Structures are given as C-alpha cells and as structure tokens.
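Residue numbers (my numbering), protein chains in the order written: chain A, 549 to 1329; chain B, 17 to 282.
Everything below concerns the one structure shown next.
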C-alpha cells in the first residue's frame, strides 16, 4: 500500500469544506425566481377531511398558489409506491392502501400534508398557511401495534382488514416445533424493539424547477440515491419522464436510511413548480423531521430458543409484529421480513428456525429502513435470548455462545442466508481480552462492596450487507436490482474523475474511493475527483444504504479501473515498443518490467486523447465504465462487550467500558472505519438507553422535539475501545464487507445485557431510562 | 416568527416605560424561552424589550450578609464568579449545571426566575436560600415569589433587578438531569442558616413548580446528615408523571438528591 492507498488512514478530503461551512446543501441553493412552499399538515392522527377553504390564503400577500390533495388526484399524480412485494403465508399479496402525496380525503398520521402554500417568501407562505381552513371529522386513532390488532380496532385502509398488511413466515415450522418438543430447556422472551426517529443533522429539503419550453424538470433533493428517486418519480408518479428529469443530491447532511425514500414533499415540489411556473423550494424544519421522516424499528416480538441437554441450540421460534405506520413507505415491507428474519440465525449453528412476521398499519408516520434496518432487531432478539439462556442454564454467556458458534464456512442457515466466511471465536476472544473478561467477577465484587451494581453484557452480531445480489433479491420480491455502476475517466492531462452511483452523505467516499485509485495507479489522491449525486453527470446507479458502497460501489470502480489499466497498458506498450504483458504500473508510471523505460500516466493519457500514435484499431480516449452485481451478501460480524455500573438510588447507568471487535474484511481507511463504528455505536447505545419515539393514545407524537426525544450526546457515551479481526470477504475482489451499520446492530443488546446483569432483573425495555431501570431494581413498576 | 418591534433600552426605567407603551410587550433577557416560542409562532408579542444591554442590571456584589446578583447576569458569570464561589459555592455549582456553555453565556438569573419553568434550577436555590427578589418596584421574598407553573408574583411589566442571597452555614445542590432537555428531572437544594434553620427546595418534581420539602427540612433540622433521610417518605401525590419519570420515581429522586445535596454541602 502507498501512503494514500488501501489501508491508509488518509484524512478526509471533504472535511475541509464541511468544517469551514463551505458545503453546498439543498437549502444553500437559490434559483432565480424561486418561491417557497409551506405545507399544511394534519393535527389529527386519523380524520376525514370535510372541506378545505383556500380562498382567504389566496388573497394573502406574496401568495403564488395554494394546492390541495384533491388537485393531486385530479392531475393523476401517482400514489406513493412500496418497492418490495411480500407474500403472506396464505399466498395472498400484501394489502396496501393508497398513499397520495397530499391527502384528498383521509389523514392517517399527525403531520400528513393536506395542502401546500407557495409564496414569494418562506414567511409569506407560512402566514398564508394559517389562513387555510381545513375542516376535519376526527376518527378513532390506532396509535400502536397492540391497538391495531385488537379485535374491532378502527380500520385504517379498506384494503387491509384488521390493519394487517401481511402475515409472512420463513423457515420450517413443523421441524422447529419438533425441536421444541424434544428440547431439554426452552428460553423465552417478550421483546419490544423501540421506535426511533432518524434525526439526520440536515432536515429534508427539495427545490424543483420546471423549464416549460423544454418540458424539463430539475430536482435538488436530500437523497441517498438520486437515480432511484428519478426512476420512481418518472416511472410511477406521472410527474416527469425520466429523460426530462434531472435529480441532484448535492452535499447531504446524514441520512441513516431516512433519505432513501421518495417523500411526498419532493413530489409536490416538482408538481407545483409546473403548476405555478416558478421554481419551488421546501426546507423541512426539525418539527417536520420528527413528524414526517420515516421512523425506524418498532417491533413487538415473542421469541423462544430450544436447547438440548448439552446446551446446544436446537431451535428458534419467533413471532414478530411490525409497525409500518399509516402508509407503506418505499422499502418498508422488506425491513421486518427479508432484512430481519433472515438474520435470526445470528452467529450460531441453529438447525431449525421458524419466524412469523405480521406487519400492521397504525396511525403513525410510516416506518422504514433506519441504520441497520431489520438486522438490529434480529441481533437484539438472538443476543438477548443467548444472554437470558446463559443465566437460565447457569453457564457462562461467552462459553454458551462459543459452544454454538458456526465454525465451518460456507454455512447455509435455515433462513436463506449462506454465510461465506467468518471467525466468530476470534472476534469474541479479542473482545474478551480487551475488556479483561476473566477479571470481571473481581471487579463486580469490588463494586458491590462500594454499594454499586455492576454488570457485563456480551453481544455477538452478524449482518448481511453489500446489498445485494440482484437475482436473489428479485426472487424475493424486490422491485429493483441492487448492483452498482462506475465510470473512470482519465483526463487528457492524466488527472482522474470517478463517477459513481454510490452517494456520500457523511461516509467519506470522496476519500476512500480515491484511495483505490491511488492504490492501483500510485497517484496522489489529490489527482482524483469523485463525482456523485447528479443524474445528469453520473450514469444510472443505485445509491448508498445497507453498508454497500465499499463492497458493491467500490468494486464497480475497481472493475472500471481494470478496463482503464488494460487499455492504458496497451497504449504504453505501443509507445514504449514493448509487450503489453511486460508493462507494470508503479508510482503513476507505466514501466517496462526489468528496464528503465517508462511513460508517466499523463503521457499515456495524452497519447490516448491526441490519438496520433495508438495501436491499430484502438479507439481514442481513456474512459471506461462498469456495472457490478455482487454474487452474495457480505457478512460483517463481531463481538461487543459492555461493562456498566448502575446507581441503585437513581437507576442511572454509567459505562465502565465498551469494547468492540469487528470483522469488516479488508479496511480501506481504518480511520474512517473507526468513525463509522463510533457513529453506529452511538446510535445503538442511543436506542438502548436514550431514544424512543412515543405516540400518545390519540396518536400525537409526544417526543416531537429534542426537549423530549433524547438524542445521544458525547457525554452519554464512553470512549470506545475498538479492534479488528479479519477474514477477507471471498465474494468481492477487494475482500471488503462493510462497516456502516455494525455499531447500530450490535450495541443495544450488549448494553441491555449488561444492565440486566447488573440489576439482576432480566425484564427491562428499551430505552432503559433511569426511571425504568430504577423500577426494575425496586420491583414496583 | 411574526412581525414584532425590537427595543434596546439603556435603563430599567426606559424599559418599563416602553413596556407600558406596547400593546402586548414582552421583556427579553437571555431569550432561551421567548425566542424559540416566537419562532414556533406560539408567541407574538407586539414589542420585544431587550433587558440584556442595561448596564445597571449586570453584576455581582457582596452585601453585608451575602451576595447580590443583578438580574441580567448570565449563568456563566455566576458560575465563574469568585464572589459567588466563595460566599455560596453551591449556587455557583448550580449555575454551572444549567444547559450547556452556549445557554450559560446567554441565559440570565432574572430571566430564569421571571419565567419560573417548573424544571429550572435557579428557583430551587432562591427558595431554599430564602433569597429576596428585588424588582423596579419592591422586594419580594422567595416564599412569596413563586406562584406555580410559569407563574410568579411579578406584576405585569414589573422588572426583576437583582436577587439577594444570604450566606449559609451549609448549602448544597444535587441535580438529576432530564435525559433529553437537561433541565432538572429533579433537583434539590438544601440549606442551613447560621441560626440553624433548614430550608429544602425541589425543582422538576412538582406539578406546581418549585416546592419546599417539609419532611426533609424537619429531618435535617434534627440531624444534618444524609442518613437522617433514610426513613423519610416522600409522597408521589402532586408530582409530575411523564415518559421521563413517573411520580413515584420523582418522589424517590427528591429523597436521593436531597441526600446527595447534604453530602455535597458537608
């Protein structure tokens, strides 16, 4: 590796503009003649719209237009789609209700848009919005899963009787039941996986511009996948044709999944820009982010694990209710099914698994992928069960895990996934060593003597990333392929542009992707520019989510690079009068092996573009593209151990130590990987201790601001001790697995396992607030 | 935010005069409560009168038997004042716990008291220390000042000019943070006067805002020690009950925080 090649902790190129306030986010963009949109949103969780009177608002200063849900319907703008079809166990398709971009008749969550005011200024739009009179007839609301599945519960959508969207199963039910019948021990748990608000630092925003003579739209938006946005907006929503729509996702301030989806506001901005004949800008505020960004998690689960007399796991049975909110968001259906139940084998050899997932509608904002998406929920089920089993069977939690680890690869689980490689013993051993596992009983005893409750919690997670082999996901109901694209352009002067379908919104692609080029060509990363996020510049691509950008996006770049190198070698060989097989690339030069003859990359590039002296029949230029479709998921895995001390007087939990030993395969930039793990751990710990979206019985979001929704802060978190064990992923040539979601997937079980160990009560829901922990200690809940 | 008229008077008298001229005027101190609600359009004062630049409202002075903190003095200035740290270290400590550095450099003691947020820190100190709230019209004793949630004895347009705190034989504050807002989920200030009287005030706990805690006061008057509170029972009646803390949990916190405050007071 060179100083800036693969494996080097290169400082992030993009940070200079971010930390000096020179990033260019959607809200920074100002177009000539731009107007401002303000949405009128439902204050009710469930209501019929009796009437909307916009006449007074139309007369307000600066108002350009007031548009309603009925006009969206009248203009035949398509309803929002869900891109993954799930089939119920009875063979019927999922029961999907209509979701128009603004509600014409019925609202189903607080914050759903019913109308929009377009005005010259933001304040004028807001003033006029107050003059729009909406008459609602309130309907009884269904604020959570338990209310949704109650017999006789109010119905959200006529298409979904009993509010059930699908009742889906995976695995062999009969074999699993048999395993439980013959079990020596059974461990069971009721688990609530708490609902989370993504809260990216940058709220969602959109600017739409319509060019009437060209019949062409431009949309600037906060998207993790601008091409997918363009595809969906054009193919399904009847707003613009794909070749007449440019989607730009410039600098985006965090996504965590919530900016994968195409939201109503982007659709309305596009549609409205044509209606009013002016560019339309909408920038969400924090309240709108709380109320309308797709939330994450929200499961109710009953899980049971069967053990034989030797404490080997023989079966796992899981029944989960998943809350999808008032409407089905773009990938909502897949999160609690194929991204969740397929990971229920964890790191363990479990011969029989059966899971049933029932997804339901509630009068809450839609729920969809959020950092980890299904895999944190699965890992939490498995790792809470393992820890509970160790306590119930009175064996060491680490030993119980080791006894059941998968050690032979590839390993086919009973729930679709075929793990390609891993070394679960290595990561658990590394974590145990880092935290001095053997010394814990003595530390616990010392803490006890000082009146403190101390506990240790283990969590061994596995995830499926690098999403995903297109053929495989297609066979499971996905509406899209999940490959990635790249184009590598060597300019005539030898500098390099890499156009990628991946999208960086905090991940550091502008650095890590350059490192691959530096590795291959030996050029400094300052000679390389990463281009992404603009459908006019970049070929069709699938975007960034599911820890896929290194495993899939970077591999696509590698494939394009190999083509560029092959052509460049031909040119160099021709110029140097050598055999192409003798050409090696070193430090930015094409050398004839074993001689002092060489040609610098700029000279090769110039030769390619002047085309004065190319091999016979060779096309001019030095630019190649590639599409890469992975052959399998990647399987990052690791072991987290958390040591906590609980103050019995207040129920406050404090970290003593938190160690993480991850196996991400090859690391491109260890510093960036470390940052990704820190962020993931913060979100996993946030879920365990702090964060929880709460709706009251009428469907109002109680936690609709940072005054009530506890975002993790620096002083809530320990100084993490990170380490890596490595098995190279055999599924891609770089051997990378992905690191973006691991922390969020593995951390929460480690924390809850530690606290429940400390307090000696296994019944504790997330977030484990001091109030809940105190009640769990004192038993007077 | 709706249209409003901003004023920056240079004296208390000028501020009071501006107030009477406005149809629905509001005083602005640090602005940490008023500005957010204005931005959310939940408040629409006709006039905003900024007290923060009035020189006579800023400063900390020792008095014969204590200290006087002028109303527009920031939390940061109180927390870092040698005068306060020497005379009433528990008060400096309390100020250091309010919000974050940005809040502490803007927020003021007068603003906090006039707003009387039921989870604010200062009301606990003012009530437990038996402080006197001075206004442009009169002096109000702490026991008469706090009138329930966001409600005080201040008349319309009356301006807090300073707060006088008497020195104590012992004083301590212990705060349990609200996880999200970092206000007090429950904070307890304990104080013992040179004459041996004990006053204890809890914030963040009661549905009616800051309150004295007679059961703890009695126990500590008899025996100034954390252990003296071991068997004190605090009723959950009338305490706040929300997703961050049930009323029985807050009742527990009153006792536990009082014990820790006593330990801190020495």
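All C-beta atoms in this analysis are idealised placements derived from N, C-alpha and C, irrespective of residue type, glycine included.
It should be emphasised that the depicted structure is a prediction, and the values quoted were computed from it without experimental measurement.
Which residues share a DSSP beta bridge with residue i?
i, result
"residue 90 (chain B)", "B:124"
"residue 870 (chain A)", "A:847 and A:907"
"residue 1123 (chain A)", "BP columns for residue 1123 (chain A) are empty, so no partner."
"residue 214 (chain B)", "B:208"
"residue 632 (chain A)", "A:1026"
"residue 682 (chain A)", "A:600"
"residue 1249 (chain A)", "A:1243"
"residue 960 (chain A)", "A:966"
"residue 1272 (chain A)", "A:1210"
"residue 594 (chain A)", "Paired residues: none, contrary to the question."
"residue 222 (chain B)", "B:255"
"residue 830 (chain A)", "A:754"
"residue 108 (chain B)", "The partner list for residue 108 (chain B) (beta bridge, DSSP) is empty, contrary to what the question assumes."
"residue 1006 (chain A)", "A:1189"
"residue 23 (chain B)", "B:65"
"residue 728 (chain A)", "Beta-bridge pairing links residue 728 (chain A) to no other residue."
Determine, using beta carbons only, whether residue i and residue j come nearer to each other than 7 Å.
i, j, result
"residue 218 (chain B)", "residue 270 (chain B)", "yes"
"residue 904 (chain A)", "residue 717 (chain A)", "yes"
"residue 134 (chain B)", "residue 225 (chain B)", "yes"
"residue 585 (chain A)", "residue 664 (chain A)", "yes"
"residue 101 (chain B)", "residue 108 (chain B)", "yes"
"residue 714 (chain A)", "residue 634 (chain A)", "yes"
"residue 1241 (chain A)", "residue 843 (chain A)", "yes"
"residue 704 (chain A)", "residue 886 (chain A)", "no"
"residue 1091 (chain A)", "residue 776 (chain A)", "yes"
"residue 1231 (chain A)", "residue 1053 (chain A)", "no"
"residue 281 (chain B)", "residue 206 (chain B)", "yes"
"residue 190 (chain B)", "residue 150 (chain B)", "no"
"residue 82 (chain B)", "residue 214 (chain B)", "no"
"residue 1002 (chain A)", "residue 737 (chain A)", "no"
"residue 1154 (chain A)", "residue 1040 (chain A)", "yes"
Using a cut-off of 8 Å between C-beta atoms, extract the partners of residue i located in chain B.
i, result
"residue 1256 (chain A)", "196, 197, 259 and 260"
Taking residue i as the query, report the chain B residues whose CB atoms sit under 7 Å from its CB, ordered along the chain.
i, result
"residue 1197 (chain A)", "272"
For a contact meaning CB atoms closer than 8 Å, what does residue i contact in chain A?
i, result
"residue 269 (chain B)", "1198"
Starting from the beta carbon of residue i, find every residue of chain A whose beta carbon is closer than 7 Å, and list them in chain order.
i, result
"residue 22 (chain B)", "The contacting residues do not exist; residue 22 (chain B) stays about 16 Å from chain A at best."
Cβ-heavy atom distance between residue i and the ligand GTP below 6 Å?
i, result
"residue 728 (chain A)", "In the structure shown, the ligand GTP is absent, as is every other ligand, since no ligand is present at all."
Closer than 8 Å is the cut-off here; do at least three beta carbon pairs connect the segment 737-746 of chain A with the segment 915-930 of chain A?
yes
Is the segment 75-91 of chain B close to the segment 111-126 of chain B, with three or more CB pairs under 8 Å?
yes
Decide yes or no for the touch test of the segment 1277-1289 of chain A against the segment 1085-1103 of chain A: beta carbon pairs closer than 8 Å, at least 3 of them.
yes
Pull out every residue of the segment 181-207 of chain B whose Cβ sits closer than 7 Å to any Cβ of chain A, in chain order.
192, 195, 196 and 197
At least 3 beta-carbon pairs within less than 8 Å: the segment 1011-1022 of chain A vs the segment 1180-1187 of chain A:
yes
If we count Cβ pairs, one from each stretch, closer than 8 Å, do we get three or more for the segment 1291-1301 of chain A versus the segment 1026-1034 of chain A?
no
Tell me, please, whether the segment 946-953 of chain A touches the segment 747-761 of chain A by the rule of three or more beta-carbon pairs shorter than 8 Å.
no
Below 9 Å between beta carbons is the criterion; list the residues of the segment 1223-1257 of chain A that meet it against any residue of chain B, in chain order.
1237, 1238, 1240, 1242, 1250, 1251, 1253, 1254, 1255, 1256 and 1257
Is it a yes or a no for the segment 132-143 of chain B touching the segment 230-243 of chain B, going by three-plus beta-carbon pairs under 8 Å?
no
Scan the segment 1307-1325 of chain A for residues whose Cβ lies nearer than 8 Å to a Cβ of chain B and list them as they occur along the chain.
1317, 1318, 1319, 1322 and 1323
Could you tell me whether the segment 614-629 of chain A touches the segment 649-667 of chain A, using the rule of 3 or more Cβ pairs below 8 Å?
yes
Would you check if there are 3 or more beta carbon pairs closer than 8 Å linking the segment 556-570 of chain A to the segment 1058-1066 of chain A?
yes
If you measure beta-carbon to beta-carbon, which residues of the segment 94-109 of chain B are closer than 7 Å to chain A?
none
Please list the residues of the segment 110-139 of chain B that have a C-beta atom closer than 7 Å to any C-beta atom in chain A, keeping them in chain order.
none
Residues of the segment 33-50 of chain B whose Cβ lies closer than 7 Å to any Cβ of chain A, in chain order
none
Does the structure place the segment 1119-1126 of chain A close enough to the segment 1303-1315 of chain A that three or more beta carbon pairs sit under 8 Å?
no
Quick check: the segment 1066-1079 of chain A against the segment 1246-1259 of chain A, are at least 3 beta-carbon pairs closer than 8 Å?
no
Three CB pairs or more closer than 8 Å across the segment 1003-1013 of chain A and the segment 968-985 of chain A
yes
Does the structure place the segment 559-576 of chain A close enough to the segment 793-803 of chain A that three or more beta carbon pairs sit under 8 Å?
yes
Contact between the segment 882-896 of chain A and the segment 960-975 of chain A is defined here as three or more beta-carbon pairs at a separation below 8 Å; is this criterion met?
yes
Stretch pair the segment 1034-1048 of chain A + the segment 983-995 of chain A: three plus CB contacts closer than 8 Å
no
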